[in-house]
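>
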Amino acid sequence: DSGVTQTPKHLITATGQRVTLRCSPRSGDLSVYWYQQSLDQGLQFLIQYYNGEERAKGNILERFSAQQFPDLHSELNLSSLELGDSALYFCASSPGLGGNYGYTFGSGTRLTVV
Amino acid sequence: AQSVTQLGSHVSVSEGALVLLRCNYSSSVPPYLFWYVQYPNQGLQLLLKYTSAATLVKGINGFEAEFKKSETSFHLTKPSAHMSDAAEYFCAVSELQGAQKLVFGQGTRLTINP
Chain A
9 DSGVTQTPKH
19 LITATGQRVT
29 LRCSPRSGDL
39 SVYWYQQSLD
49 QGLQFLIQYY
59 NGEERAKGNI
69 LERFSAQQFP
79 DLHSELNLSS
89 LELGDSALYF
99 CASSPGLGGN
109 YGYTFGSGTR
119 LTVV
Chain B
440 AQSVTQLGSH
450 VSVSEGALVL
460 LRCNYSSSVP
470 PYLFWYVQYP
480 NQGLQLLLKY
490 TSAATLVKGI
500 NGFEAEFKKS
510 ETSFHLTKPS
520 AHMSDAAEYF
530 CAVSELQGAQ
540 KLVFGQGTRL
550 TINP
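Chains as they are written, first to last, in this note's numbering: chain A, 9 to 122; chain B, 440 to 553.
1) Compute the beta-carbon to beta-carbon distance between Q441/B and P470/B, rounded to the nearest angstrom, for a pair I have assumed lies under 8 Å.
2) What separation, rounded to the nearest whole angstrom, lies between the Cα atoms of L105/A and P553/B?
3) Answer yes or no: does any C-beta atom of chain B fall closer than 8 Å to that of F113/A?
4) Sort L483/B, R548/B, A520/B and Y464/B by Cα distance to W42/A and report the nearest one.
5) Thinking S10/A and F98/A are a contact (beta carbons under 8 Å), I'd like their distance in whole angstroms, please.
6) Identify whether S73/A lies in helix, strand or coil by the three-state DSSP scheme.
7) Would you mind telling me which residues of chain B sit closer than 8 Å to F98/A, beta carbon to beta carbon, in chain order?
8) Mark D48/A as exposed unless 16 or more other C-beta atoms lie within 10 angstroms of its C-beta, in which case mark it buried.
9) Quick check on G544/B: buried or exposed, where buried means 16 or more other Cβ atoms within 10 Å of its Cβ?
10) Which value, in whole angstroms, describes the spacing of the CA atoms of I55/A and Y111/A?
11) Do V443/B and A504/B have their C-beta atoms within less than 8 Å of each other?
12) Reducing DSSP to helix, strand and coil, say where G11/A ends up.
13) Counting only beta-carbon atoms, is N108/A nearer than 8 Å to chain B?
Structure below.
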């Protein structure tokens with residue numbers, strides 16, 4: 009157990025629907041990162057939050073949004089889902105902003121859009 | 440922007456043989472570098488990291504990596520492969536400015552032959 013908790017582990021939904029993925033960071037970590045992993049694109053950075061504030065945005069679609077709450081858990085919202093959104097979505101956390109920390113990853117949410 | 444290139448998307452070695460997974464980075468200054476391992480249906484786990492201390496970094500499970508500035512490389516090695524080493528391995532570099540997020544390589548799938 010890495011200490012980063014992601015729910016649900018699996019999600020199957022239809023095109024056009026909206027889902028919410030949840031992440032609880034490791035205790036004491038203030039930064040949360042979301043990544044998408046697919047076979048053809050590898051690990052793609054989506055978005056980063058630090059202590060409730062958005063700090064960096066990567067290749068995140070406009071149909072996707074995220075937030076970090078006062079208790080530091082984060083949610084990734086995916087709407088108007090398309091078949092191509094099927095992927096593994098990982099959350100990771102780190103103590104702060106410094107790049108030397110490295111990340112602790114959760115076990116991921118596997119999203120299947122049918 | 441920092442980036443990493445992993446040479447070889449698939450590497451196959453015999454049990455007991457040397458494991459060598461290659462990673463080259465692009466950065467104008469020595470960055471922070473990481474190796475992660477991903478076992479099937481799991482999240483990424485930190486193997487080791489270079490944060491400008493010793494150039495030879497020892498990690499978990501008998502892996503080590505050497506930072507070579509002149510070659511802009513951070514190759515991962517293990518003297519003797521075990522069947523349990525079969526997994527996907529990711530090299531990552533940390534941005535030096537801004538959010539200092541990790542940028543991952545495309546990954547190398549390691550297969551161990553009995």
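Each residue gets a CB set at the ideal place from its N, CA and C atoms; glycine is no exception. Small disclaimer: the values here were computed from a predicted structure and weren't measured.
Reading from the atomic positions:
1) 6 Å
2) 43 Å
3) yes
4) L483/B
5) Not confirmed; about 11 Å, so no contact.
6) strand
7) G482 and L483
8) exposed
9) buried
10) 14 Å
11) no
12) coil
13) yes
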